[in-house]
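Participant: Submitted below is the structure of interest, expressed as structure tokens.
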Amino acid sequence: MKLADVIDIRHGFAFRGEFFSDSPTGFILATPGNFAIGGGFRSGKAKYYNGPVPDEYCLSEGDIIVTMTDLSKDADTLGYSASVPASANTFLHNQRIGKIVPKGNINLRFIYWLMRTPAYRDEILASYTGSTVKHTSPSRILSFQFDCPSLEDQGRIASILDILDNKIDLNCRTNETLEAIARALFQDWFVGFGPTRAKMAGQAAYLAPEIWKLFPDRLDDEEKPEGWTVEPVDNVASFLNGLALQKYPAGEGAFLPAIKIAQLRSESTHSADRVSVGIPCEYVVEEGDILFSWSGSLLCKFWNGERGALNQHLFKVTSGRFPDWFIFEWIQHYMPDFQAIAESKATTMGHIQRHHLTESLVTIPSSCVMKQADLIIGSHIRKIKENHKESRNLSELRDLLLPRLMSGEIRIRDAGKMVEDAL
């Protein structure tokens, strides 16, 4: 059976550029940037629209869309499907995005997953046109042939895969909440000095008594809590710049993926360059390491991917004195300043320099406050890391089961049991 037997692909609308906006309008253009590598919906910087909107080009939650244009070297997202998420805004069906429309008795969630299989992907890659900008078309997509199971089995297959994706999505949303809580506590305790200022103002305690009593009662002449100290951020942590990894090509056999700014941004080593495993050990990146891109797109993240090699323009940040979350939050605190410095550079690739780190001061609390902060703020960060690791394992299981379920290589019941055991 061909996809053309069960679905159509409807073209999007050429929304006029003069109405594009960076300010919220209630309408967001769906673009190829909303497709994740491997398929699925990816949120990013929203491109809003404030012009007239034809009703038939308003997307609804659960609509299946497909991208037909890709600018990446390896056509990373070309032809993949995504499902429109629930949102307070309305997503618009933009040009070069196709909308899947059922023609017959077919489960659209099954089609969504079918369009994320390696077999489908191989056919898209074999038939696209263009070099810098890759294109596919409805006719090429609809020509894909597949074995179609019964409608009941379609639903069961889609349900198994949806369970995994839903748990991954739940972990992501949980992490967003945990990150916000951790950042708010950090800002209050170590930047705004909220507990000490509240004590000075005679305000009621808003922390548990055993924690509240640990904070100093007054600020010193430097306007920091009495007894606390200040040091440059590059004095409390080591910022190791990466290698020019093209000098370390991989040989036969084992290799490490090169972690560059693109990999840090996407949190994936998909299509990464291969590097020799013989690089100096300090340049090996492990899961959970703090990575900070100081050039181009400035960002700082805990690395959530596989073991890799640290490329130039990235710092691996470590500290033998303080917990990793403490260093991470201070870098995030100064990130707007770092980004402004980089943007002010009259070069094609803005960056910061070492002296900008030295000029960024860190307030260091007493050991008893740090201990409590590690129990509270640190526990949130550790849970975030646990959720990231679980999501990566679930993604690997999903990617293992997907082609096997579609081909009938694994029984649906057995796949369901594997998912139950993983959750």
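Take 1076 as the starting number for the sequence shown in this note's numbering and just add one per residue.
All residues carry an ideal CB built from backbone N, CA and C; glycine is no exception.
Given the structure is predicted, the values throughout are model-derived calculations rather than measurements.
1) So L1366 and L1339 are in contact, right, with Cβ under 8 Å, and what is the actual spacing, rounded?
2) If you draw a straight line from the alpha carbon of D1130 to that of P1213, how long is it in whole angstroms?
3) Could you spell out the range, first to last residue, of the alpha helix (DSSP H) harbouring K1464?
4) Please classify H1431: does DSSP put it in a helix, a strand, or coil?
5) Would you identify the three-state DSSP class for P1107, choosing helix, strand or coil?
6) Counting C-beta neighbours from all protein chains within 10 Å, is the total for D1296 16 or more, i.e. buried, or is it exposed?
7) Kindly confirm or deny that the stretch 1134-1147 and the stretch 1159-1169 touch, where touching means at least three C-beta pairs closer than 8 Å.
8) Bridge partners of I1140, per DSSP?
9) So, V1308 versus V1437, is the Cβ gap smaller than 9 Å?
10) Run through the stretch 1248-1313 for me and flag every whole alpha helix (DSSP H) of 4 or more residues, listed as ranges in chain order.
11) Among the candidates K1274, T1100, T1142, F1095, whose CA atom is the shortest distance from the CA of R1117?
12) May I ask you to report which of helix, strand or coil DSSP gives S1096?
13) Using a threshold of 9 Å, state whether the C-beta atoms of A1257 and W1400 are closer than that.
14) Considering only DSSP beta bridges, list what C1223 is partnered with.
15) What do you reckon, are the CB atoms on A1337 and G1383 nearer than 9 Å?
16) According to DSSP, I1365 sits in a beta bridge with which residue or residues?
17) Helix, strand or coil, according to DSSP, for E1134 in the structure here?
18) What residues in its chain sit with their C-beta under 6 Å from that of L1475, if we drop five residues either side in the sequence?
19) Given a threshold of 16 other Cβ atoms within 10 Å of its Cβ, counted over all protein chains shown, does L1226 qualify as buried or as exposed?
20) When the distance is taken between beta carbons, is I1103 closer than 9 Å to K1122?
21) For L1253 and I1459, which I take to be in contact (beta-carbon distance under 8 Å), what is that distance rounded to the nearest angstrom?
22) Counting pairs of Cβ atoms below 8 Å between the stretch 1402-1417 and the stretch 1367-1375, do you hit three or more?
23) Closer than 9 Å, CB to CB, is I1175 near chain B or not?
24) Report the rounded CA-to-CA distance for L1294 versus A1312, giving the unit in angstroms.
25) Helix, strand or coil for L1339? Go by DSSP, reduced to three states.
26) State the DSSP-derived secondary structure class of A1319, mapped to helix, strand or coil.
27) What number of angstroms, rounded off, separates the C-alpha of G1395 from the C-alpha of S1470?
28) In whole angstroms, give me the CA-to-CA distance for I1427 and S1368.
29) Quick check: Q1220 and A1089, are their CB atoms within less than 9 Å of each other?
30) If you follow the beta strand (DSSP E) that P1332 is part of, which residue opens it and which one closes it?
31) Using DSSP bridges, identify the partner residues of Y1124.
32) Measure from the alpha carbon of P1107 to the alpha carbon of each residue in P1099, G1119, G1326, then state which is nearest.
33) Could you compute how far the alpha carbon of H1168 sits from the alpha carbon of G1154?
34) Determine the DSSP secondary structure at S1206, reduced to helix, strand or coil.
35) So, using beta-carbon positions, are R1231 and L1477 closer together than 9 Å?
36) With distances taken from CA atoms, which of A1347, N1310, S1466 is nearest A1325?
Facilitator: This is what the structure holds:
1) As a position in the sequence shown, residue 1366 is number 291, starting the count at 1. As a position in the sequence shown, residue 1339 is number 264, starting the count at 1. Rounded, the Cβ-Cβ distance is 5 Å, consistent with contact.
2) Residue 1130 sits at position 55 when you count from the first residue of the sequence shown. Residue 1213 sits at position 138 when you count from the first residue of the sequence shown. D1130 and P1213: Cα-Cα distance of roughly 22 Å.
3) Within the sequence shown, the letter at position 389 stands for residue 1464. Following the DSSP letters along the chain, one finds K1464 inside the alpha helix (DSSP H) bounded by residues 1442-1482.
4) Taking the first residue of the sequence shown as position 1, residue 1431 is located at position 356. Reduced to three states, the DSSP call for H1431 is helix.
5) Sequence index remark: in the sequence shown, residue 1107 carries index 32 (1-based). DSSP places P1107 in helix when its eight states are reduced to three.
6) Counted from its first residue, the sequence shown places residue 1296 at position 221. Exposed, since its Cβ has fewer than 16 Cβ neighbours within 10 Å.
7) yes
8) Translated into positions along the sequence shown, residue 1140 becomes position 65. The partner list for I1140 (beta bridge, DSSP) reads A1157, K1174.
9) For the purposes of this step, residue 1308 is identified with residue 233 of the sequence shown, where counting begins at 1. For the purposes of this step, residue 1437 is identified with residue 362 of the sequence shown, where counting begins at 1. Cβ distance < 9 Å, so V1308 and V1437 count as in contact.
10) 1269-1275, 1284-1287, 1308-1311
11) One-based indexing of the sequence shown puts residue 1117 at position 42. Nearest of K1274, T1100, T1142, F1095 to R1117, Cα basis: T1142.
12) Here residue 1096 corresponds to residue number 21 of the sequence shown, with the count starting at 1. Residue state, collapsed to three classes: strand.
13) Taking the sequence shown and counting its residues from 1, the one referred to as residue 1257 is at position 182. Taking the sequence shown and counting its residues from 1, the one referred to as residue 1400 is at position 325. Cβ distance < 9 Å, so A1257 and W1400 count as in contact.
14) Indexing the sequence shown from 1 puts residue 1223 at position 148. For C1223, which the question treats as bridged, DSSP gives no partner whatsoever.
15) Position 262 of the sequence shown, counting from 1, holds the residue named residue 1337. Position 308 of the sequence shown, counting from 1, holds the residue named residue 1383. No. Outside cutoff.
16) Numbered from 1 along the sequence shown, position 290 holds the residue referred to as residue 1365. Note: I1365 sits in a beta bridge opposite F1377, V1392.
17) Locating residue 1134 in the sequence shown gives position 59, counting from the first residue. Looking at the sequence provided, one finds Leu at residue 1134 rather than Glu. Three-state result, L1134: coil.
18) Looking up residue 1475 in the sequence shown gives position 400. Correct list: empty, nothing qualifies.
19) For the purposes of this step, residue 1226 is taken as the residue at position 151 of the sequence shown. So L1226 counts as exposed.
20) Sequence index remark: in the sequence shown, residue 1122 carries index 47 (1-based). Sequence index remark: in the sequence shown, residue 1103 carries index 28 (1-based). It is a contact, given that the beta carbons lie within the stated cut-off.
21) Working through the sequence shown from its first residue, we reach residue 1253 at position 178. Working through the sequence shown from its first residue, we reach residue 1459 at position 384. That belief holds up - the Cβ atoms of L1253 and I1459 are roughly 5 Å apart, short of 8 Å.
22) As far as the Cβ criterion goes, the stretch 1402-1417 touches the stretch 1367-1375, which means the pair count is three or higher.
23) Within the model displayed, chain B is absent; a lone protein chain is all it includes.
24) Residue numbering aside, residue 1294 sits at position 219 when the sequence shown is read from its first letter. Residue numbering aside, residue 1312 sits at position 237 when the sequence shown is read from its first letter. Straight-line Cα distance between these residues: approximately 26 Å.
25) What you label residue 1339 is simply residue 264 of the sequence shown in a count that begins at 1. In the structure shown, L1339 sits in a helix (DSSP, three-state: H, G or I).
26) For this step, residue 1319 is matched to residue 244 along the sequence shown. Coil.
27) As a first step, residue 1395 must be located in the sequence shown, where it is residue number 320. As a first step, residue 1470 must be located in the sequence shown, where it is residue number 395. About 33 Å.
28) The sequence position of residue 1427 within the sequence shown is 352, counting from 1. The sequence position of residue 1368 within the sequence shown is 293, counting from 1. Straight through space, the alpha carbons of S1368 and I1427 are spaced by roughly 10 Å.
29) What you label residue 1220 is simply residue 145 of the sequence shown in a count that begins at 1. What you label residue 1089 is simply residue 14 of the sequence shown in a count that begins at 1. It is not a contact, given that the beta carbons lie outside the stated cut-off.
30) Along the sequence shown, read from residue 1 onward, the residue named residue 1332 stands at position 257. It spans 1331-1334 - the beta strand (DSSP E) in which P1332 sits, taken as one unbroken run.
31) On the sequence shown, residue 1124 is found 49 positions in, with the first residue counted as 1. BP columns for Y1124 point to F1095.
32) By one-based count along the sequence shown, residue 1107 stands at place 32. The shortest C-alpha separation from P1107 is found at G1119.
33) The residue labelled residue 1168 in the question sits at position 93 within the sequence shown. The residue labelled residue 1154 in the question sits at position 79 within the sequence shown. Here the C-alpha atom of H1168 lies approximately 16 Å from the C-alpha atom of G1154.
34) Residue numbering aside, residue 1206 sits at position 131 when the sequence shown is read from its first letter. S1206: coil per DSSP, three-state reduction.
35) Within the sequence shown, residue 1231 is the residue found at index 156, counting from 1. Within the sequence shown, residue 1477 is the residue found at index 402, counting from 1. Going by C-beta atoms, R1231 is not nearer than 9 Å to L1477.
36) As a first step, residue 1325 must be located in the sequence shown, where it is residue number 250. Nearest Cα to A1325 within the set A1347, N1310, S1466: A1347.
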